[in-house]
Every structure is written in structure tokens, then in C-alpha cells.
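Q: Counted the way our numbering counts, the sequence shown spans residues 1 to 111.
Below is a structure I'd like to ask you about.
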Amino acid sequence: IVASTVQPQAVCTNAGGVVTSLGHNLGSDDTCFGAAGDLQNADPLLAPLADGARQPLPGSPAIDAADLVLCTETAVANVDQLDQARPLFAGCDIGAVEWTGVAAYLPIIVR
1 IVASTVQPQA
11 VCTNAGGVVT
21 SLGHNLGSDD
31 TCFGAAGDLQ
41 NADPLLAPLA
51 DGARQPLPGS
61 PAIDAADLVL
71 CTETAVANVD
81 QLDQARPLFA
91 GCDIGAVEWT
101 GVAAYLPIIV
111 R
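See below:
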């Protein structure tokens, strides 16, 4: 995920080099990626930094959008940056951290 830079230039201009995409990356503009499976002009919808990572929020286009074959290869060891198993749901997420889902709490009704 390459997004939300603070500079006014294009996102990949801020990277300071050439970015070669092999697919299934996400960019907040259209200057970085153009391979099959890449998402361009997409807001990654990431949570604030916590535990050294920014987890995707519900509705993030990064959720389940990574290449499932590549993210389950031995080199990746089926875990994300936080040592969380991946994939957790239908597929792997783009980025370093897997979305863990939303905790839903039902109201307690006392009669």
C-alpha cells in the first residue's frame, strides 16, 4: 500500500525511485501501479497506527484483494507483520497487516 503522503507530488514521486509492481498493490493515486490486480486511485481506509501497524478498516479495498497463492507461500509463512495468521477470511489482504474483523456486541436486555 502506497498512499496518503503529505507531499503535494504524486505518491510514487515521493518514493524517490522507480516502483515495479508485480500486481495486487494499492495506490491512492494512479502514479505507482499498473499491473494486473493493482488497485489505483483507492483510499486504503487504514486505522490509526497501533502496535507498529495500520490495520485495514471495515470496507477497505485492501481486504481480501491480495494474491492468495503468493501470500500463502513458504516465504511469507502464512502470517502478517503482527504474526497474525493469514488469510483470516476469504483471502489475503493487500498490505502488511491482515484485517481481523469487527467485534460485534449485542445489547444486554434485562427483564
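Note that beta-carbon positions come from the ideal geometry of N, C-alpha and C, so glycine has one too.
Give the list of continuous beta strand (DSSP E) stretches no shorter than 3 residues that lie fully inside the segment 11 to 59.
A: DSSP runs (the beta strand (DSSP E)) wholly in the segment 11 to 59: none.
Q: Hey, R54 and A47: beta-carbon distance below 8 Å or not?
A: Taking the first residue of the sequence shown as position 1, residue 54 is located at position 54. Taking the first residue of the sequence shown as position 1, residue 47 is located at position 47. The answer is yes: Cβ separation under 8 Å.
Q: Can you list, in chain order, the residues of its chain whose CB lies under 6 Å from that of I63, leaving out five sequence neighbours each side?
A: Working through the sequence shown from its first residue, we reach residue 63 at position 63. For I63, where only same-chain residues beyond five positions count, the Cβ hits under 6 Å are P56, D93, W99.
Q: Have a look at the DSSP bridge pairing and note the partners of A85.
A: Translated into the one-based positions of the sequence shown, residue 85 becomes position 85. V79.
Q: May I have the straight-line CA-CA distance separating D38 from C71, to the nearest angstrom?
A: Residue mapping note: residue 38 aligns to position 38 of the sequence shown, counting from 1. Residue mapping note: residue 71 aligns to position 71 of the sequence shown, counting from 1. Going by the C-alpha atoms only, they are around 15 Å apart.
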